[in-house]
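S.K.: Here you go, one structure.
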Amino acid sequence: MTLRVLAAMSGGVDSAVAAARAAEMGHDVTGVHMALSSNPQSYRTGARGCCTLEDSRDARRAADAIGIPFYVWDLAERFQNDVIDDFVSEYAAGRTPNPCLRCNEKIKFQALLDRAVALGFDAVCTGHYARWDGAVLRRAVDTGKDQSYVLAVCTPEQLSRAIFPLGDTTKADIRAEAERRGIQIAKKPDSHDICFIADGDTKAFLADRLGAAPGPIVDVDGEELGEHEGAYAYTIGQRKGLRLGRPAPDGKPRYVLDISPVTNTVTVGPREALDVHEITAERPVWLGEAPAGPVGCQVQLRAHGEVHDCTAEPFDDGVRIRLDRPARGVAAGQAAVLYVGDRVLGSATISEAVRAPA
Numbered sequence: 015m016t017l018r019v020l021a022a023m024s025g026g027v028d029s030a031v032a033a034a035r036a037a038e039m040g041h042d043v044t045g046v047h048m049a050l051s052s053n054p055q056s057y058r059t060g061a062r063g064c065c066t067l068e069d070s071r072d073a074r075r076a077a078d079a080i081g082i083p084f085y086v087w088d089l090a091e092r093f094q095n096d097v098i099d100d101f102v103s104e105y106a107a108g109r110t111p112n113p114c115l116r117c118n119e120k121i122k123f124q125a126l127l128d129r130a131v132a133l134g135f136d137a138v139c140t141g142h143y144a145r146w147d148g149a150v151l152r153r154a155v156d157t158g159k160d161q162s163y164v165l166a167v168c169t170p171e172q173l174s175r176a177i178f179p180l181g182d183t184t185k186a187d188i189r190a191e192a193e194r195r196g197i198q199i200a201k202k203p204d205s206h207d208i209c210f211i212a213d214g215d216t217k218a219f220l221a222d223r224l225g226a227a228p229g230p231i232v233d234v235d236g237e238e239l240g241e242h243e244g245a246y247a248y249t250i251g252q253r254k255g256l257r258l259g260r261p262a263p264d265g266k267p268r269y270v271l272d273i274s275p276v277t278n279t280v281t282v283g284p285r286e287a288l289d290v291h292e293i294t295a296e297r298p299v300w301l302g303e304a305p306a307g308p309v310g311c312q313v314q315l316r317a318h319g320e321v322h323d324c325t326a327e328p329f330d331d332g333v334r335i336r337l338d339r340p341a342r343g344v345a346a347g348q349a350a351v352l353y354v355g356d357r358v359l360g361s362a363t364i365s366e367a368v369r370a371p372a
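Using this note's numbering, the first residue of the sequence shown is number 15, and each one after it goes up by one.
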């Protein structure tokens, strides 16, 4: 069946090959580049970007090579409200957000998809590495590039209008295919880090928007060890940049264990104190029926992070996740994505992490 497909083209090789494959399937494909900043030159440039003027031009050249119409859509206001402002407010509340995950949820599979449907398109095509068969979301064949984690926040209704042509192919093969197709960005390096922080300095970015807010850095007994300029600049598990007045009695490094925006306090302690054995997460999104009771599965707590065996049990508007073995550096605001093998069961946002007993 021929579909009217809107291909999101970031200017990278993955989205270009995805668009080419969608066209080769016989679909009526139109390429679109999302302009996510009112001043694209303020975003990362060169290999590190995904929404710069350079990327827009690369996307247009790729569309020309494929032979499909191409447009640029201005989604800067939505991106500012739903991704950047959310990023800042989450850090201010002592949580650790994932802006790429929020961009998928609010921009690519809400703002972009809603506009596409309103214009008569049947589906949105992206260069994500994941497999979706119309009912089940699975990890990509290339596990090193798998992006099912950042897609797991999307609802089944949103995914039902998505096409992911790259899920069964490795990144090396995608680059080789791009060269064969005459797509000039075949060797363009992948984008990484946070696109809207031009110099990569997250701490300075937050300080510019939240201002200085000095407060104490304390140990687990409440003894003050130093002072910070803003608790928002820290994240659970952080070791570097603490600038403590004196070393730990045992001489070992100390890590951020807790961030309290209410008292503006950062608590530090030994690495083993980061161990978490139970997680409470809220606002679950189930890809299918929610489990009727406890279910044995695996959980991933960061993009490309370690996978942990666990038992997940839904309750009201949340899910309780009991880990078979402790995990470290679990932070509120991150996504907990549940898997059964390579199949995504669902996702939820971490609200509380319970430390393992000593």
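Backbone N, C-alpha and C fix where the C-beta goes; we use that ideal spot for every residue, glycine too. Predicted model, so just to flag it, every value in this text is computed and none were measured.
Is the CB-CB distance between alanine 221 and glycine 108 below 8 Å?
M.R.: The answer is no: Cβ separation not under 8 Å.
S.K.: I'd like the ranges of any beta strand (DSSP E) spanning at least 3 consecutive residues and lying wholly in the stretch 121 to 194.
M.R.: If we require 3 residues or more, the beta strand (DSSP E) runs fully inside the stretch 121 to 194 come out as 137 to 139, 144 to 146 and 151 to 153.
S.K.: Output the distance between the C-alpha atoms of alanine 61 and leucine 165, rounded to the nearest integer angstrom.
M.R.: Because the pLDDT at alanine 61 is just 40, under 50, the model does not fix this residue reliably, and the value given afterwards should be weighed accordingly. One C-alpha to the other measures close to 23 Å.
S.K.: I need the straight-line Cα distance from cysteine 168 to leucine 127, nearest angstrom please.
M.R.: About 12 Å.
S.K.: If we ignore side chains and look at the alpha-carbon of each, how far apart do glycine 63 and isoleucine 211 end up?
M.R.: Residue placement at glycine 63 is poorly supported in this model, since its pLDDT is 47, which falls under 50; the coordinates still yield a value, given next. For glycine 63 and isoleucine 211, the distance between alpha carbons rounds to 10 Å.
S.K.: Between the C-alpha atoms of aspartate 289 and valine 270, what's the straight-line distance to the nearest angstrom?
M.R.: Their backbone Cα atoms lie some 12 Å apart in a straight line.
S.K.: Hey, serine 205 and glycine 355 are a contact pair by Cβ (cut 8 Å); roughly how many whole angstroms apart?
M.R.: Not quite, the Cβ-Cβ distance comes to about 29 Å (not below 8 Å), so this is no contact.
S.K.: Which same chain residues end up closer than 6 Å to arginine 195 when comparing Cβ atoms and leaving out the 5 residues on each side of it in sequence?
M.R.: Excluding sequence neighbours, arginine 195 sits near Ala34.
S.K.: Give the secondary structure of isoleucine 231 by DSSP, where H, G and I count as helix, E and B as strand, and everything else as coil.
M.R.: Strand, per DSSP.
S.K.: Whole angstroms are fine: how far does the CA of lysine 217 sit from the CA of arginine 58?
M.R.: Residue placement at arginine 58 is flagged as unreliable, the pLDDT there being 46, under the threshold of 50; a coordinate-derived value is accordingly withheld.
S.K.: When the Cα atoms are used, what is the spatial distance from proline 332 to leucine 359?
M.R.: Just to set this straight, residue 332 is glycine in the shown sequence, not proline. Approximately 14 Å between the Cα atoms of the pair.
S.K.: Helix, strand or coil, according to DSSP, for proline 311 in the structure here?
M.R.: Checking the sequence shown, residue 311 turns out to be cysteine, not proline. Strand, per DSSP.
S.K.: Could you please give me the residues that DSSP links to arginine 18 through a beta bridge?
M.R.: Answer by DSSP bridge pairing, in chain order: Asp42.
S.K.: When you compare the stretch 316 to 332 with the stretch 117 to 126, are there three or more beta-carbon pairs, one atom per stretch, that lie closer than 8 Å?
M.R.: Too few Cβ pairs lie closer than 8 Å, so no.
S.K.: Answer with buried or exposed for arginine 297, where buried requires no fewer than 16 other C-beta atoms within 10 angstroms of its C-beta.
M.R.: So arginine 297 counts as exposed.
S.K.: Secondary structure at leucine 115, three-state DSSP: helix, strand or coil?
M.R.: Note: leucine 115 maps to helix in three-state DSSP.
S.K.: With a CB to CB cut of under 6 Å and the five nearest residues on each side skipped, what residues in its chain are close to proline 170?
M.R.: Excluding sequence neighbours, proline 170 sits near Leu301.
S.K.: What is the C-beta distance between threonine 249 and threonine 110, in whole angstroms, given that I count them as a contact (C-beta under 8 Å)?
M.R.: Sure, about 5 Å apart at Cβ, within 8 Å.
S.K.: Could you check what DSSP says for arginine 316 in three-state terms: helix, strand or coil?
M.R.: Correct three-state label for arginine 316: coil.
S.K.: Have a look at cysteine 117 and cysteine 209 and give me their C-alpha separation to the nearest angstrom.
M.R.: Spanning the two alpha carbons is a distance of roughly 11 Å.
S.K.: If contacts are defined as beta-carbon pairs under 8 Å, then methionine 39 and alanine 73 qualify, I think. What distance do you get, rounded to the angstrom?
M.R.: Contact doesn't hold; Cβ gap of about 20 Å is too wide.
S.K.: With H, G and I counted as helix, E and B as strand and the rest as coil, what does DSSP make of valine 368?
M.R.: Here valine 368 sits in strand by DSSP.
S.K.: Taking only the alpha-carbon atoms, compute the straight-line gap between leucine 337 and histidine 291 and give it to the nearest angstrom.
M.R.: If you take the alpha carbons of leucine 337 and histidine 291, they lie about 5 Å apart.
S.K.: How big is the Cα-Cα spacing for alanine 345 and aspartate 160?
M.R.: Whole-angstrom Cα-Cα distance: 22 Å.
S.K.: Here's the rule: buried if 16 or more other CB atoms are within 10 angstroms of the residue's CB, otherwise exposed. What is glutamate 237?
M.R.: Looking at its Cβ environment, which holds fewer than 16 other Cβ atoms inside 10 Å, glutamate 237 is exposed.
S.K.: So if DSSP puts glutamate 296 in a beta bridge, which residue, or which two residues, is it bridged to?
M.R.: Note: glutamate 296 sits in a beta bridge opposite Gly332 and Thr363.
S.K.: Tell me whether aspartate 289 sits in a helix, a strand or coil according to DSSP, three-state version.
M.R.: Residue state, collapsed to three classes: coil.
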